[in-house]
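Read through the structure below, which is laid out as structure tokens, and then see the notes.
Protein chains: 2
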Amino acid sequence: MTGARDEARRNRERIVEVARVVVREQGTQASLRDIARRAEVGLGTLYRHFPSRDALLETLMRRRVDHLTARAAALTAEKDAAAALTTWLLEFSYGAGTYRGLPESLLATLADQTSPLHAAVEPLRDATARLLAAAQAANAIRADLTADELFALVTAVGWIAEQTPTLDNHRERLLALILDGLTRPPRR
Amino acid sequence: MTGARDEARRNRERIVEVARVVVREQGTQASLRDIARRAEVGLGTLYRHFPSRDALLETLMRRRVDHLTARAAALTAEKDAAAALTTWLLEFSYGAGTYRGLPESLLATLADQTSPLHAAVEPLRDATARLLAAAQAANAIRADLTADELFALVTAVGWIAEQTPTLDNHRERLLALILDGLTRPPRR
DNA sequence: ACCTGAACACCGTTCAAGT
DNA sequence: ACCTGAACACCGTTCAAGT
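Chains A and B are the protein sequences, given in the same order.
Position 44 (the first sequence) corresponds to 32 in this note's numbering; numbering is contiguous.
Position 105 (the second sequence) corresponds to 93 in this note's numbering; numbering is contiguous.
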């Protein structure tokens, strides 16, 4: 006796499952029609479950956001605040690059309270802010750097990596270049 | 006795003129249909003159590219290589942000030899490389920084400014943050 | 030669009709 | 309640028909 609620749940799950594949293939601007088609679901059904593209992206990102916030919490407990921040920034930059177009969506949505994706981005920005504050308290990072600036810069690293797929260690290198500036060198 | 050639020329000019307005309004992803409509020209005429979106963008950017390369030439003659590079990076970052979406188009097209926009980007990348080399020769910038890395980073500054229109001095600030890392501080 | 706009194959989004 | 897919208003791109 599978009720309508069960079918609705299964539909939702299938949409999400298919969306992971299609968005991985086509990026965040993937065709919603295509997702509905490949999930063998009416287009209206997709819209019922996910009233906007950002709502779908938010669901796709939830796992990763949860994982990243957990990582951030663990890193906050680290003794070496500078190393913790560096590790975090690198992991976040990889996470922000999960899908083509994602860095743009994340940065754009940060300023847009109304977007469902905003709920996914905020904890990441907040985690960045906490780790930054700790590193600043340890005098490891210039004190005038704001969390929004750092967040934008590390998101941009993901954006560059996406636009320039020639090398894949771009992220480490670019982040190191930026940090060498942002990190206050020990007195010498 | 205005011949067909004259009309073709006038059509082309009107398309470019209208495209400047529409692309300024809607960004590099502006509707080509809309441009043709507002230029009071058949859609096929637009395609005849500009077989691809990048071909149109290249025409829109030509003036600015010429102006920027002239600036770069002048700056190369400056004594203070570090100051010249900084000035260049800031001016380029503003130029790259002429239209919404342009930083993305520019960085993407750098690796795509086939794009008509490539011809517009290459002189800018080359100018960046020359000014970088001069600054490196003066020991003002870390020697292991490549022109492509610097080009990507400064383009990313334009990208961030576009995604985060809250502040408008973003460019100066972000560039300073990055340079403070890239610029080797005087021995102290 | 050059121009036009219909034609084709796609979108995102809404919503009346079905179960 | 939930699902479907036609309907609407858009795209980019091509190309037969016109001058």
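Cβ coordinates follow ideal geometry from the N, Cα and C atoms, glycine included.
request  = Using a Cβ-Cβ cut-off of less than 9 Å, give me the residues of the region 62 to 83 of chain B that come near chain A, in sequence order.
outcome  = Answer set for the region 62 to 83 of chain B: empty.
task = Could you tell me which chain A residues have their CB closer than 8 Å to the CB of B/Glu137, listed as they occur along the chain?
result = Residues of chain A passing the Cβ test: Arg161, Leu162 and Leu165.
message = Using a Cβ-Cβ distance cut-off of 7 Å, determine whether A/Thr90 contacts chain B.
response = The sequence as given places Leu at residue 90 of chain A; Thr does not occur at that position. When Cβ-Cβ separations below 7 Å define contact, A/Leu90 makes no contact with chain B.
key: Contacts that A/Gln14 makes with chain B (C-beta to C-beta distance below 8 Å)   = Near A/Gln14 there are no residues of chain B at all, since even the closest Cβ is about 16 Å away, more than 8 Å.
Limits of the unbroken alpha helix (DSSP H) element including A/Thr64 = That run of the alpha helix (DSSP H) goes Arg41 to Thr64.
key: Amino acids of chain A, ordered along the chain, whose beta-carbon sits closer than 8 Å to that of B/Leu133   = Against chain A, the beta carbon of B/Leu133 has neighbours under 8 Å at Leu165, listed in chain order.
query = Apart from the five residues just before and just after B/Ser19, which ones in its own chain have a Cβ nearer than 8 Å to its Cβ?
reply = The answer, listed in chain order, is Val10.
ask   = Thinking C-alpha only, which one of B/Ala60, B/Ala65 and B/Thr16 is nearest B/Arg41?
value = Answer by Cα proximity: B/Thr16.
query = How would you call A/Leu120, buried or exposed, if buried means at least 16 neighbouring beta carbons within 10 angstroms?
reply = That one is buried.
inquiry  = Tell me the DSSP secondary structure of B/Ala7 in three-state form.
reply    = Three-state result, B/Ala7: helix.
task = Taking B/Gln101 as part of the alpha helix (DSSP H), name the residues at either end of that continuous run.
result = For B/Gln101, there is no enclosing alpha helix (DSSP H), as DSSP marks it with neither H nor E.
key: CB of A/Thr146 within 7 Å of CB of A/Gly85, strictly   = One point to set straight first is that residue 146 of chain A is Gly, not Thr, in the sequence displayed. Yes; because the gap between Cβ atoms is below 7 Å, this pair is in contact.
A/Gln182 at chain B interface by Cβ criterion, 7 Å = Beyond the ends of chain A as shown, which are -11 and 176, falls residue 182 of chain A; an answer cannot be given.
request  = For A/Leu95, return the contacting residues in chain B, with the cut-off set at a CB-CB distance below 8 Å.
outcome  = Chain-order list of chain B residues neighbouring A/Leu95: Ile148, Gln151 and Thr152, by C-beta distance under 8 Å.
request  = Drop a sphere of 10 angstroms on the beta-carbon of A/Ala149, count the other beta-carbons inside from all chains shown, and report buried for 16 or more, exposed for fewer.
outcome  = A/Ala149 should be labelled buried.
task = Excluding the 5 residues preceding and the 5 following B/Leu163 in the sequence, name in chain order all residues of the same chain whose CB lies nearer than 8 Å to its CB.
result = Counting only Cβ-Cβ distances below 8 Å, and skipping sequence neighbours, we find Thr74, Leu77, Leu78, Ser81, Val142 and Val145.
request  = Step through the CB atoms of chain B and report whether any lies within less than 7 Å of the CB of A/Ala128.
outcome  = No, A/Ala128 lies away from the interface with chain B (no Cβ there is under 7 Å from its Cβ).
ask   = Less than 7 Å separating the beta-carbons of A/Ala140 and B/Thr152?
value = Contact: yes.
request  = At 7 Å on the CB atoms, spell out the chain A contacts of B/Ala99, in chain order.
outcome  = Simply Thr152 and Thr154.
request  = Grab the span of the alpha helix (DSSP H) containing B/Phe139 for me, first residue to last.
outcome  = Taken as a continuous stretch (DSSP letters only), the alpha helix (DSSP H) holding B/Phe139 covers Ala135 to Gln151.
ask   = Quick one, which residues of the region 17 to 43 of chain B are near chain A if we go by CB-CB under 9 Å, in chain order?
value = Within the region 17 to 43 of chain B, no residue has a Cβ that lies closer than 9 Å to any Cβ of chain A.
ask   = Is it buried or exposed for B/Met(-11), if we count other Cβ within 10 angstroms and need 16 for buried?
value = Because B/Met(-11) carries a pLDDT of 44, less than 50, the predicted location of this residue cannot be relied on, and the following value inherits that uncertainty. The residue is exposed, with fewer than 16 neighbouring Cβ atoms inside 10 Å.
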